[in-house]
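Inspection log for the structure reproduced underneath, given as structure tokens.
Residue numbers (our numbering), protein chains in the order written: chain A, 1 to 110; chain B, 1 to 109.
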């Protein structure tokens, strides 16, 4: 069966520090992968999606970047974090049963 | 993009009560899913239901694609049902998954 792993679960980082969040999927090949952010409140915002290795599309201009170095690995990065980058970050993939989300990373920038 | 509206925004139920959550969307969709976000933030997939009716235990969902709405029914609610329920849709083209703003459900014992 397919599983999606996301880490770390929580992260507290100072302003100006770098960021690297990792997401991996098991049990499938060539998945579409996504990074979403949920700020305070309820809305989920699509940040990046990838349909294959090295293929990244960005939905909104921001301080973050994404990379897909391997088929089932999706990385969210920043060179210098801003306070406004705080939030709950969710990785997802799509299959026959629709979207499946990872357990999320709660990022607090201080 | 597609507009996704959920109602009600907030709901408080006594344990054992039934409820109906509604999701309206503004355009034809390829996929519709209902999620439950638990207190730890994880989004749990409840139903993949672009059309028709499905049931899973105390939960059931119906999507009427031609009229652009979906309903989530919760029967005999339990405190563990508390959390935020999201409806999300995507289109036949593109890779955007559009979320509603959610219904926050609190079930009190």
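Backbone N, C-alpha and C fix where the C-beta goes; we use that ideal spot for every residue, glycine too.
Note on geometry: alpha-carbon atoms of residue 3 of chain A and residue 28 of chain A lie some 9 Å from one another.
Considering only beta carbons, the part of the region 37 to 48 of chain B lying closer than 7 Å to chain A consists of 41, 42, 43, 45, 48, in chain order.
Per DSSP, the continuous beta strand (DSSP E) segment holding residue 56 of chain B begins and ends at 52 to 56. Around the beta carbon of residue 77 of chain B, 16 or more other beta carbons lie within 10 angstroms, which makes this residue buried.
Among the CB atoms of chain B, one or more fall inside 7 Å of the CB of residue 103 of chain A. Of the candidates A:43, A:15, A:1, A:15 places its Cα closest to the Cα of residue 108 of chain A.
DSSP places residue 84 of chain A in the helix class (H, G or I) of the three-state scheme.
The DSSP-derived three-state label of residue 81 of chain B is helix. In this structure, residue 66 of chain A lies near residue 56 of chain A, with their beta-carbon atoms less than 7 Å apart.
Contact between the region 3 to 16 of chain B and the region 43 to 62 of chain B is absent: fewer than 3 CB-CB pairs across the two stretches fall below 8 Å. Among the CB atoms of chain A, one or more fall inside 7 Å of the CB of residue 31 of chain B. Residue 66 of chain A sits in a strand when the DSSP states are folded into three classes. Across the structure, residue 46 of chain A and residue 38 of chain A are spaced so that their CA atoms are roughly 9 Å apart. One thing to note: residue 82 of chain B has its Cβ no nearer than 7 Å to the Cβ of residue 101 of chain B. Secondary structure note for residue 31 of chain B: its beta strand (DSSP E) is the uninterrupted segment 31 to 37.
Looking from the CA of residue 37 of chain B, the closest CA among B:60, B:84, B:7, B:58 belongs to B:84.
Beta-bridge partners of residue 35 of chain A (DSSP): A:48, A:91.
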